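Chemist: Numbering (the numbering used here), first residue to last: -6 to 114.
The beta carbon of each residue, even a glycine, is placed where N, CA and C say it ideally should be.
All values derive from a computational prediction rather than experimental measurement.
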Amino acid sequence: MSLPIPGTQVRGSKTGKPIMALFDLLGRTWCLGIIWQLSLDNATFRQLQARCEDISPTLLNTRLKELFQLDLVQKTPLGYGLTPHGKALALLIRPMAPWARQWADNIQRLKDNSPEDDSHA
């Protein structure tokens, strides 16, 4: 899969609008998770792999290379960290965490209050 470069064809857009290139990137397995984890703290490869739970070393290596090429991740003395662009993106993503918790609570309430019959799903 080629890198989602703004201005070139990406998943969901033949024109490669910047937002569509970003959505393509963030929709890739573990991209958001890696950015999220590195927004919390820099990490070595092994630390990042442990934080990302089930990610394989091959996939982590691939995603780190992609994020490095797209100026979102950089190597640091302690392993990997976010670039200024990566940090700016993380600041945009962070407000989704409280919303996600509220959403999860709402889904749980709906589940708790729904009849056992899932035939409507």
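1) To the nearest angstrom, how far is it from the Cα of L57 to the Cα of Q2?
2) According to DSSP, simplified to helix, strand and coil, what is S32?
3) Which of the three DSSP states, helix, strand or coil, is assigned to L65?
4) Using 8 Å for Cβ pairs, my map puts L18 next to L63. What's the rounded Cβ distance?
5) Assuming G72 is part of the beta strand (DSSP E), what are its boundary residues?
6) Tell me whether W23 is buried or exposed, calling it buried when 16 or more other Cβ atoms sit within 10 Å of its Cβ.
7) Closest to A90 by CA distance: which of Q30, M13 and G5 is it?
Modeler: Let me spell this out:
1) Spanning the two alpha carbons is a distance of roughly 22 Å.
2) Of the three classes helix, strand and coil, the one that applies to S32 here is helix, per DSSP.
3) Here L65 sits in coil by DSSP.
4) Their Cβ separation, rounded to whole angstroms, is 7 Å, which keeps L18 and L63 in contact under 8 Å.
5) It spans G72 to L75 - the beta strand (DSSP E) in which G72 sits, taken as one unbroken run.
6) It counts as buried.
7) The shortest C-alpha to C-alpha distance from A90 to any of Q30, M13 and G5 is the one to Q30.
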